[in-house]
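Trainee:
4 protein chains.
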Amino acid sequence: MTQGRRGAVRSEAARISILQATAAQFAARGWDHLAIEGIAAAAGVSKQTIYRWWPSKAGLVADCLLEGLLLPESFVPADTGDLRADLTAWLTTVFVFADEPGNAVLFRSLVAAAAEDEQVGLQVRDALGASSALQARLETARALGELDADAPLQQISDALVGVIVLHVITRASTAPELPGRLVHAVTGSHRSPRG
Amino acid sequence: MTQGRRGAVRSEAARISILQATAAQFAARGWDHLAIEGIAAAAGVSKQTIYRWWPSKAGLVADCLLEGLLLPESFVPADTGDLRADLTAWLTTVFVFADEPGNAVLFRSLVAAAAEDEQVGLQVRDALGASSALQARLETARALGELDADAPLQQISDALVGVIVLHVITRASTAPELPGRLVHAVTGSHRSPRG
Amino acid sequence: MTQGRRGAVRSEAARISILQATAAQFAARGWDHLAIEGIAAAAGVSKQTIYRWWPSKAGLVADCLLEGLLLPESFVPADTGDLRADLTAWLTTVFVFADEPGNAVLFRSLVAAAAEDEQVGLQVRDALGASSALQARLETARALGELDADAPLQQISDALVGVIVLHVITRASTAPELPGRLVHAVTGSHRSPRG
Amino acid sequence: MTQGRRGAVRSEAARISILQATAAQFAARGWDHLAIEGIAAAAGVSKQTIYRWWPSKAGLVADCLLEGLLLPESFVPADTGDLRADLTAWLTTVFVFADEPGNAVLFRSLVAAAAEDEQVGLQVRDALGASSALQARLETARALGELDADAPLQQISDALVGVIVLHVITRASTAPELPGRLVHAVTGSHRSPRG
DNA sequence: TCCTAAGCGAGACGGTACGTCCGGTCTTTGC
DNA sequence: GCAAAGACCGGACGTACCGTCTCGCTTAGGA
Chain A
1 MTQGRRGAVR SEAARISILQ ATAAQFAARG WDHLAIEGIA AAAGVSKQTI YRWWPSKAGL
61 VADCLLEGLL LPESFVPADT GDLRADLTAW LTTVFVFADE PGNAVLFRSL VAAAAEDEQV
121 GLQVRDALGA SSALQARLET ARALGELDAD APLQQISDAL VGVIVLHVIT RASTAPELPG
181 RLVHAVTGSH RSPRG
Chain B
1001 MTQGRRGAVR SEAARISILQ ATAAQFAARG WDHLAIEGIA AAAGVSKQTI YRWWPSKAGL
1061 VADCLLEGLL LPESFVPADT GDLRADLTAW LTTVFVFADE PGNAVLFRSL VAAAAEDEQV
1121 GLQVRDALGA SSALQARLET ARALGELDAD APLQQISDAL VGVIVLHVIT RASTAPELPG
1181 RLVHAVTGSH RSPRG
Chain C
2001 MTQGRRGAVR SEAARISILQ ATAAQFAARG WDHLAIEGIA AAAGVSKQTI YRWWPSKAGL
2061 VADCLLEGLL LPESFVPADT GDLRADLTAW LTTVFVFADE PGNAVLFRSL VAAAAEDEQV
2121 GLQVRDALGA SSALQARLET ARALGELDAD APLQQISDAL VGVIVLHVIT RASTAPELPG
2181 RLVHAVTGSH RSPRG
Chain D
3001 MTQGRRGAVR SEAARISILQ ATAAQFAARG WDHLAIEGIA AAAGVSKQTI YRWWPSKAGL
3061 VADCLLEGLL LPESFVPADT GDLRADLTAW LTTVFVFADE PGNAVLFRSL VAAAAEDEQV
3121 GLQVRDALGA SSALQARLET ARALGELDAD APLQQISDAL VGVIVLHVIT RASTAPELPG
3181 RLVHAVTGSH RSPRG
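Protein chains in written order, with the numbering used here: chain A, 1 to 195; chain B, 1001 to 1195; chain C, 2001 to 2195; chain D, 3001 to 3195.
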């Protein structure tokens, strides 16, 4: 009944090995010194096996992001009932992680990769929480009246994620009070404190 | 009187030709297909002349930015007395420029270059107005009471520039109302309308 | 009684299809651009089916020669009673065939294949008539007294075939009188005309 | 006054090193396992330096032949006044050399290379003496009356060289009397012994 | 009638080499 | 002493085949 595809089946071991090697090399050498040959060698795989399944090194990186091999936790803001505190904590976490010397190269490389490939761009945006988790947190806050009913949630989350990206690009040093000020700037007083 | 250095002096013609060729190739082929050999050929210059004066292709791009060869006008927000309107107009200008098909590659490449090189990163940030012009406009607004006295100006401008960068990365399509909503998100109600 | 082998039997259709594809590809692309994958594709056969039955591409070519798929007629000298005339005619035929633009590649490739593989080497030699037909014609001539009783028949035929091979290798152009002169050189006056 | 070409000059060391490596690899691995990458590695040279100066591996081999790196002595027949003896000695020398186990691969590879490339073909023919030295010896013999005035010298030498090539191809074993019989066959009685 | 061995197509896999591009360095010549 | 021309070593690109190896199916004797 099944239409019966013939021929050997794709090697899952090879797939995993390739993605892990990609993640390792990407973190170690950065986006534009990332070499398919290097990945193949590190993965113990022939180049052709990579080219058979991925169109480019961008595709490899996008898949690594999908599998969570590059950004291990996917930065989910907590929900303690206090939106600003939660966002500040979340932003602090991201900044601390991104400023970790080992991760700085990784983050910059992610931005570079995102700039050169649409897939990676979207993946990075999601991985930084822009779409799902962060959005959800904002919606909760709006439902609870912490934000105005017409607050531009999408734009708020874009601003937050954008700030992270800009931070990565400019290699700005992070003062401890920065996340709080950023959250303050971005959430403004969409819910008037006096309201 | 002159302290007497002998030998030929640096050729200004070569310098200009190189930077112009860099700008042209950068816009045409993007950051990571930008080749020093290609620049040298297009500039009618030997590779050595490039390596003698610049340490890397990032340095070339940084110099192009400095000379305004890549972002011809440096996006300066107007000052009509209405901060939100001015910022919205400014943001619209930037988005329109960035979404121009010919400029999209350029912008993405700038982000990629910025991510890989600190010099370029800072240069890009300034070129997008984050430091000087945008900052000045915000200060004016604060002085006029459009913003609270303790409004986090630096963070507001970072959020705006960050949003631009994120927009470039994710290749998001721009709805006409988007700049307004972003400005709304970022300027929030730092000065309460009811205050 | 039968020693009992079970399982499907070798597909004659596949065998033929493979040899025909080999012959076609060999004539079209030459010996060292001859690809097993190409043969398999052209024959509508899997690579494994080829490797199951032949050890190498040389084996394939040798089999093609055996089946007469490469040198359709096996150049046989006529016997009109005049040895020199017969050999000249035969040599002319071979030269004309070999100089045919479509066949030149084929001949050169045959020599290349012969040089790299013993089986093919012997097969080619036979196909050019060195052993059987040519030899037989010389023996007839000797029996009739056209050649001395102690004429070195084997060496005469080797010289003739060798000249063909050299001609193929050097891509020499063929003057019409060349075959006659060669026959003259090689048969010399083993039977003295004055004798 | 000199027309003045600028830029670094071709490295003679590299040229020599490449040709020597080619000769070594060719003798060791044969024509169709001869790899440009292998030559480059053995010569301590980048691939580009090879491709800059030679169009193909055939060109490399042809140059090796020109420089005498493959066939060290260029097989010149002696002149003792006895043509047949000289040719027999010469042919014996060639056969002995070609049957040397180390040289057999070399000779076969030369034939293969010659079959695939015209330059190499002509070079091989010359190196085997067909054109100059052998021809000269035959002319001397004709002048002395050892050969008829109208003896087809070119064809005689072609037959001799052709026999060598055929010998190489068919991997025939060489009986000691073979060269004599071949010379007998080829020189026949162009000068009638009774004349 | 099953069982089992073999043939066969498809095709994934680790490799080797291809010929090209470009990086960064060095050398030669001319101004 | 700068600049052009350009050769050089090295590393990676993406492609083509190699020969081996599963897969899932078909074919054809023995049990």
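Ideal Cβ positions, reconstructed from N, Cα and C, are used throughout, including at glycine.
Do the stretch 2024-2039 of chain C and the stretch 1168-1180 of chain B touch if we need at least three Cβ pairs shorter than 8 Å?
Mentor: With a cut-off of 8 Å, the stretch 1168-1180 of chain B and the stretch 2024-2039 of chain C do not count as touching, because too few Cβ pairs lie within range.
Trainee: So B/Ser-1109 is in the alpha helix (DSSP H); what residue range does that whole segment cover?
Mentor: Taken as a continuous stretch (DSSP letters only), the alpha helix (DSSP H) holding B/Ser-1109 covers 1101-1116.
Trainee: Candidates B/Ser-1011, B/Ser-1046, B/Ile-1018, B/Lys-1047: which alpha carbon is nearest B/Arg-1063's?
Mentor: In the sequence under discussion, the amino acid at residue 1063 of chain B is Asp, which differs from the Arg named in the question. Ranking B/Ser-1011, B/Ser-1046, B/Ile-1018, B/Lys-1047 by Cα distance to B/Asp-1063 puts B/Ile-1018 first.
Trainee: Check the C-beta distance from C/Leu-2160 over to C/Leu-2091 and give it rounded, since I have them as a contact under 8 Å.
Mentor: At roughly 7 Å, the Cβ-Cβ gap stays under 8 Å, so C/Leu-2160 and C/Leu-2091 are in contact.
Trainee: Take the Cβ of B/Ala-1013 as the centre, count every other Cβ of all protein chains shown within 10 Å, and call the residue buried at 16 or more, exposed below.
Mentor: Exposed, because fewer than 16 other Cβ atoms sit within 10 Å of the Cβ of B/Ala-1013.
Trainee: Name the chain D residues whose beta carbon is nearer than 7 Å to that of C/Ala-2185?
Mentor: Those within 7 Å of C/Ala-2185 in chain D are Pro-3152, Gln-3155, Ile-3156, Ala-3159, Val-3186.
Trainee: Going by DSSP, what residue range makes up the alpha helix (DSSP H) through D/Arg-3181?
Mentor: Note, D/Arg-3181: alpha helix (DSSP H), 3178-3187.
Trainee: Let's see if you can read the secondary structure: which residues bound the alpha helix (DSSP H) around D/Trp-3053?
Mentor: Per DSSP, D/Trp-3053 belongs to the alpha helix (DSSP H) from 3047-3053.
Trainee: Find the residues of chain D that neighbour C/Arg-2010, judging by a C-beta separation of less than 7 Å, and give them in chain order.
Mentor: Going along chain D, no residue has its Cβ under 7 Å from C/Arg-2010, so there is no contact; the nearest lies around 29 Å.
Trainee: In angstroms with no decimal places, state the Cα-to-Cα distance between D/Asp-3086 and D/Ala-3078.
Mentor: Computed Cα separation, rounded: 6 Å.
Trainee: Checking contacts by CB at 8 Å: is D/Gly-3121 closer than that to chain C?
Mentor: With 8 Å as the cut-off, D/Gly-3121 counts as an interface residue toward chain C.
Trainee: Count the other C-beta atoms from every protein chain shown that fall within 10 angstroms of the C-beta of B/Ile-1164, then say buried if there are 16 or more, exposed otherwise.
Mentor: Buried, by the Cβ-count rule.
Trainee: Classify C/Trp-2090 as helix, strand or coil using the three-state DSSP reduction.
Mentor: Of the three classes helix, strand and coil, the one that applies to C/Trp-2090 here is helix, per DSSP.
Trainee: Among B/His-1167, B/Pro-1176, B/Ile-1156, which has the Cα closest to the Cα of A/Gly-188?
Mentor: The shortest Cα separation from A/Gly-188 among B/His-1167, B/Pro-1176, B/Ile-1156 belongs to B/Ile-1156.
Trainee: Roughly how many angstroms separate the alpha carbons of A/Val-113 and A/Val-120, rounded to a whole number?
Mentor: Looking at the sequence provided, one finds Ala at residue 113 of chain A rather than Val. Approximately 6 Å between the Cα atoms of the pair.
Trainee: Counting contacts by CB-CB distance shorter than 8 Å, is A/Thr-2 in contact with chain B?
Mentor: The predicted position of A/Thr-2 is uncertain, since its pLDDT is 47 and thus under 50; a value taken from the coordinates is nonetheless stated next. Output row for A/Thr-2: interface = no.
Trainee: Can you say whether C/Lys-2047 is buried or exposed, counting buried as having 16 or more other CB atoms within 10 angstroms of its CB?
Mentor: Classification of C/Lys-2047: exposed, given that the 10 Å Cβ count is below 16.
Trainee: In this structure, how does DSSP classify B/Ala-1151 when only helix, strand and coil are distinguished?
Mentor: DSSP places B/Ala-1151 in coil when its eight states are reduced to three.
Trainee: Name the chain D residues whose beta carbon is nearer than 8 Å to that of C/Glu-2146?
Mentor: Per Cβ cutoff of 8 Å: no residues; C/Glu-2146 is ~13 Å from chain D at best.
Trainee: Between A/Ile-169 and chain B, is any beta-carbon pair separated by less than 8 Å?
Mentor: Yes, A/Ile-169 lies at the interface with chain B (some Cβ there is under 8 Å from its Cβ).
Trainee: Please list the partners that D/Gly-3162 has in chain C, where partner means a Cβ-to-Cβ separation under 7 Å.
Mentor: Simply Ala-2159, Gly-2162, Val-2163, Val-2165, Leu-2166.
Trainee: At a Cβ cut of 9 Å, what residues of the stretch 2098-2113 of chain C count as close to chain D, listed as they run along the chain?
Mentor: Within the stretch 2098-2113 of chain C, the residues whose Cβ lies closer than 9 Å to some Cβ of chain D are Phe-2107, Arg-2108, Ser-2109, Leu-2110, Val-2111, Ala-2112, Ala-2113, listed in chain order.
Trainee: Hey, A/Glu-139 and A/Leu-128 are a contact pair by Cβ (cut 8 Å); roughly how many whole angstroms apart?
Mentor: 17 Å between Cβ atoms; not a contact.
Trainee: Assign B/Thr-1080 to one of two classes, buried (16 or more other C-beta atoms within 10 Å of its C-beta) or exposed (fewer than that).
Mentor: Exposed, by the Cβ-count rule.
Trainee: Quick check on B/Asp-1117: buried or exposed, where buried means 16 or more other Cβ atoms within 10 Å of its Cβ?
Mentor: It is buried - the Cβ of B/Asp-1117 has at least 16 other Cβ atoms within 10 Å.
Trainee: Determine the direct distance from the alpha carbon of D/Ala-3021 to that of D/Ala-3041, and round the result to whole angstroms.
Mentor: Straight-line Cα distance between these residues: approximately 9 Å.
Trainee: Quick one: measure Cβ to Cβ for C/Gln-2135 and C/Leu-2065, integer angstroms, because I've assumed they're closer than 8 Å.
Mentor: Actually they do not touch by this definition, with Cβ atoms about 18 Å apart.
Trainee: The alpha helix (DSSP H) spanning B/Thr-1140 covers which residue range?
Mentor: 1133-1143 is the extent of the alpha helix (DSSP H) around B/Thr-1140.
Trainee: Take B/Leu-1144 as the anchor and find which of B/Ser-1011, B/Asp-1082, B/Pro-1101, B/Gly-1102 has the nearest alpha-carbon.
Mentor: Looking at the Cα atoms, B/Asp-1082 is the closest of the given residues.
Trainee: If you draw a straight line from the alpha carbon of C/Phe-2075 to that of C/Thr-2093, how long is it in whole angstroms?
Mentor: Going by the C-alpha atoms only, they are around 8 Å apart.
Trainee: Within the same chain, show all residues whose beta-carbon is closer than 7 Å to that of C/Ile-2016, passing over the 5 residues directly before and after it, in chain order.
Mentor: Nothing meets the Cβ criterion.
Trainee: When the Cα atoms are used, what is the spatial distance from A/Gly-68 to A/Ala-104?
Mentor: Spanning the two alpha carbons is a distance of roughly 17 Å.
Trainee: Would you mind telling me which residues of chain C sit closer than 7 Å to D/Asp-3032, beta carbon to beta carbon, in chain order?
Mentor: Chain C residues near D/Asp-3032: Asp-2032, Glu-2116.
Trainee: Alpha helix (DSSP H) containing B/Glu-1012: first to last residue?
Mentor: Segment 1012-1029, the alpha helix (DSSP H) holding B/Glu-1012.
Trainee: In terms of residues, what are the limits of the alpha helix (DSSP H) holding C/Asp-2032?
Mentor: C/Asp-2032 -> no alpha helix (DSSP H), and no H or E assigned at all.
Trainee: Measure from the alpha carbon of B/Asp-1126 to the alpha carbon of each residue in B/Asp-1158, B/Ala-1098, B/Thr-1088, then state which is nearest.
Mentor: When each option's Cα is compared against that of B/Asp-1126, the closest is B/Asp-1158.
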